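Student: Note that my numbering has the sequence shown beginning at -7, numbered continuously upward.
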Amino acid sequence: MAVNKPYNYDGYNIYQASYGLTGFPKEMELIAIDKKKAASGNPQKALAGTVRFVNSKFAMFNGISLEILKSTLNIENPQAGANGDLKPAVMLKAKYNGKVI
């Protein structure tokens, strides 16, 4: 998953909603969008929920276990991210019923 490139699973789009200025996010919030409701044209009703990572690599969303595997401040050039040129991205592993999805 990267900014503006959501993770899609079982009718949900999961977006990165925030980021910090460290190599590993101290706090990060993701939002999940119901794809069917989003297609209806009312984005406010499409919000399925949020999940927040706070000083942890792990979080749960609707029975889905999420783990941060890697994060970077600039997906195209990590050194540029350290210099303030931000294009952040986060790689997640998602499991449901013990299976990677």
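Heads up, the beta-carbon is just placed ideally off N, CA and C, and yes, glycines get one too.
From a predicted model like this one, the values you see are computed outputs, not experimental measurements.
For D77, which residues of its own chain have a beta-carbon under 6 Å away from its beta-carbon, when the five flanking residues on both sides are left out?
Tutor: Around D77: N66.
Student: Can you check which of these residues, S32, Q36, L84 and A72, is closest to V43 by C-alpha distance?
Tutor: L84
Student: Quick check: what's the CA-CA separation for K87 versus K29?
Tutor: 24 Å
Student: Please state the DSSP three-state secondary structure of K27.
Tutor: helix
Student: So K85 is in the beta strand (DSSP E); what residue range does that whole segment cover?
Tutor: A81 to Y88
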